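Q: Just so it is clear: in the sequence shown, position 265 is 275 by this note's numbering, and no numbers are missing.
Ideal placement from N, C-alpha and C gives every residue a C-beta, glycine not left out.
This structure is a prediction, so every number in the text was calculated from the model and none was measured.
Here it is: the structure, laid out below.
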Amino acid sequence: METMNEQKKILQICAIDLSADALLKPLIKRSMEEGFVVHTACSDQGRFAALRSEGMVMIDVPIAREINPISNMKSVMALYKLMKREKYDIVHVHTPVAALLGRMAAKLAGIKNIVYTAHGFYFHEEMTKKQYSLFFNIEKYAARWMTDWLLLQSREDYDLALESNFKSREKTIHLSNGVDIWKKFSPELFTEEDRQSLRRDLGLNEKDIIFSFIGRMVREKGVFELISAFKRVSKRHSNVKLLLIGGLPESERDLCSYQQLLKDLDYPSIKHLGFRTDTPELLSISDCFVLPSHREGLPRSIIEAMGMRKPIIASNIRGCREEVFQKENGFLFEKGNDKELEIMIERIVEDSEARESFGKRSREIVEQFFDEEKVLQKQINLFKTL
């Protein structure tokens, strides 16, 4: 442990504790191991006790996930007071709204090193021109005036940020994304016995070809196209099964489709498992992973499946196409096109050799580009230079 870092303080900011748990925990723990004092500010939605029990310093600052001037200004003032009191050396912000509010507070508080990791820029192809332009300019000028270091997970975001002069090349870093592909998402960690046992528990037999999806059951994750394509394939192949892993929608925006979804989840070849903590085990029994999302940053779920040596079918959008290479480790299809998705599911079902070779290539790609170790090290190196 380096004495020069002993009292250096970092504040990590995101909107909710779920993000701190799912996205930031490895970085926070590694920073602490390297001798930094790390605090995390976000909204407490029930995970603070568990995170504190793991040694993390959690500070409850309510942060709305949407633009709301009154609550947003309250968040900025709360963060400003925290920064003035604790005198952090580095403020590192994540998730779109929290990142903007956190940078405003840090600028007001005179923080010397403001770092922003874009896990996927907020503007995207599905927006109207007006919306796109608004959010593009917010991201651009926040990067230019309120950010010292801009870290991008997506290569496309990185290229765009440089082309559009968000920040100088020296202060812009392509970070990539990663998961623990050695101690968590590795097929070597699971025996054939483990896999057979889990299949039995889920009512699956060894001849079944299993497709899996991880994500919220909402329209923008492409779950409706997936179900409709899958139903047609399963009529021709009775041994094909689909595991849907993730929670059902809670917000009104998604409820219009809710009844249809509940009906679809009752379909005999589809198993909705809800929110699960045994993702590596579930991927270990899958034959193929599918992510038909309409928009993504740089999806971790694909990286997890690649770590487990799985072929991937994904929509041809930003993020997914940085992880999936056509006919190399899987297939890309045009988002929203359930007919094209159906053809690709069918190909995977019928070609066991492709399943094998695509899976092998997935693992090679993940070891080269998406190893969490490498991603963490880039950030730790930056913190040390600051």
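Would L111 pass as a contact of V86 if the rule is Cβ separation under 7 Å?
A: On the sequence shown, residue 111 is found 101 positions in, with the first residue counted as 1. On the sequence shown, residue 86 is found 76 positions in, with the first residue counted as 1. Cβ atoms of L111 and V86: closer than 7 Å.
Q: In the DSSP output, which residue or residues are listed as bridge partners for L397?
A: The question about residue 397 has no answer, for the chain in this structure spans 11 to 396.
Q: How would you call I183, buried or exposed, if buried means at least 16 neighbouring beta carbons within 10 angstroms?
A: Residue mapping note: residue 183 aligns to position 173 of the sequence shown, counting from 1. Buried: at least 16 other Cβ atoms inside 10 Å.
Q: Roughly how many whole angstroms lie between the Cα atoms of K150 and I255?
A: Taking the sequence shown and counting its residues from 1, the one referred to as residue 150 is at position 140. Taking the sequence shown and counting its residues from 1, the one referred to as residue 255 is at position 245. Whole-angstrom Cα-Cα distance: 35 Å.
Q: Who pairs with Y126 in a beta bridge, going by DSSP?
A: The residue labelled residue 126 in the question sits at position 116 within the sequence shown. Its beta-bridge partners are V103 and L160.
Q: Do you know whose CA, among I26, I77, S81 and H49, lies nearest Q55's CA?
A: Translated into the one-based positions of the sequence shown, residue 55 becomes position 45. Considering only alpha carbons, the answer is I26.
Q: In terms of residue numbering, what span does the beta strand (DSSP E) encompassing S222 cover?
A: Within the sequence shown, the letter at position 212 stands for residue 222. It spans I219 to I224 - the beta strand (DSSP E) in which S222 sits, taken as one unbroken run.
Q: Exposed or buried, what is M68 when buried is set at 16 or more other beta-carbons lying within 10 Å of its beta-carbon?
A: Translated into positions along the sequence shown, residue 68 becomes position 58. Result: buried.
Q: Pick helix, strand or coil for A116, following the three-state DSSP scheme.
A: Position 106 of the sequence shown, counted from the start, is the residue given in the question as residue 116. DSSP places A116 in helix when its eight states are reduced to three.
Q: Let me check understanding here. Comparing Cα to Cα, which of F368, L212 and I219 lies closest to K320?
A: Residue numbering aside, residue 320 sits at position 310 when the sequence shown is read from its first letter. Checked all of F368, L212 and I219; the closest Cα to K320 is F368.
Q: Just to confirm, are D381 and G225 a CB contact at a threshold of 7 Å?
A: The sequence position of residue 381 within the sequence shown is 371, counting from 1. The sequence position of residue 225 within the sequence shown is 215, counting from 1. Cβ distance not < 7 Å, so D381 and G225 don't count as in contact.
Q: Whole angstroms is fine: what's the gap from F299's alpha carbon to K251's?
A: Translated into the one-based positions of the sequence shown, residue 299 becomes position 289. Translated into the one-based positions of the sequence shown, residue 251 becomes position 241. Taking the straight line joining both Cα atoms gives about 12 Å.
Q: Would you check if the segment 271 to 287 and the segment 322 to 340 touch, i.e. whether three or more CB-CB distances between them fall below 8 Å?
A: Not touching, per the Cβ criterion.
Q: Among P278, L271 and V228, which one has its Cα closest to the Cα of V243?
A: One-based indexing of the sequence shown puts residue 243 at position 233. Nearest of P278, L271 and V228 to V243, Cα basis: P278.
Q: If you reduce the DSSP assignment to three classes, tell me which class V48 lands in.
A: Walking along the sequence shown from the start, residue 48 turns up at place 38. DSSP places V48 in strand when its eight states are reduced to three.
Q: With DSSP as the reference, label I77 as helix, strand or coil.
A: The residue labelled residue 77 in the question sits at position 67 within the sequence shown. It is coil, neither helix nor strand.
Q: Along the chain, which unbroken stretches of the beta strand (DSSP E) at least 3 residues long are found entirely within the segment 336 to 373?
A: Taking only runs of at least 3 residues, the beta strand (DSSP E) segments lying wholly in the segment 336 to 373 are 340 to 343.
Q: Going by the beta-carbon positions, is the gap between I295 and R209 smaller than 7 Å?
A: In the sequence shown, the residue the question calls residue 295 occupies position 285. In the sequence shown, the residue the question calls residue 209 occupies position 199. Yes, the pair counts as a contact, with Cβ atoms nearer than the cut-off.
Q: Tell me T182's beta-bridge partners as DSSP assigns them.
A: Residue numbering aside, residue 182 sits at position 172 when the sequence shown is read from its first letter. Per DSSP, L160.
Q: Smallest Cα separation from D31: which of G65, K19 and Q17?
A: Here residue 31 refers to the residue found at position 21 of the sequence shown. When only C-alpha atoms are compared, the closest one is G65.
Q: Would you check if the distance between the CB atom of R328 and the CB atom of E166 is smaller than 7 Å?
A: Your numbering for residue 328 matches position 318 in the sequence shown. Your numbering for residue 166 matches position 156 in the sequence shown. Against a cut-off of 7 Å, the Cβ pair of E166 and R328 comes out as a contact.
Q: Is the CB-CB distance between A239 and E136 below 7 Å?
A: On the sequence shown, residue 239 is found 229 positions in, with the first residue counted as 1. On the sequence shown, residue 136 is found 126 positions in, with the first residue counted as 1. No.
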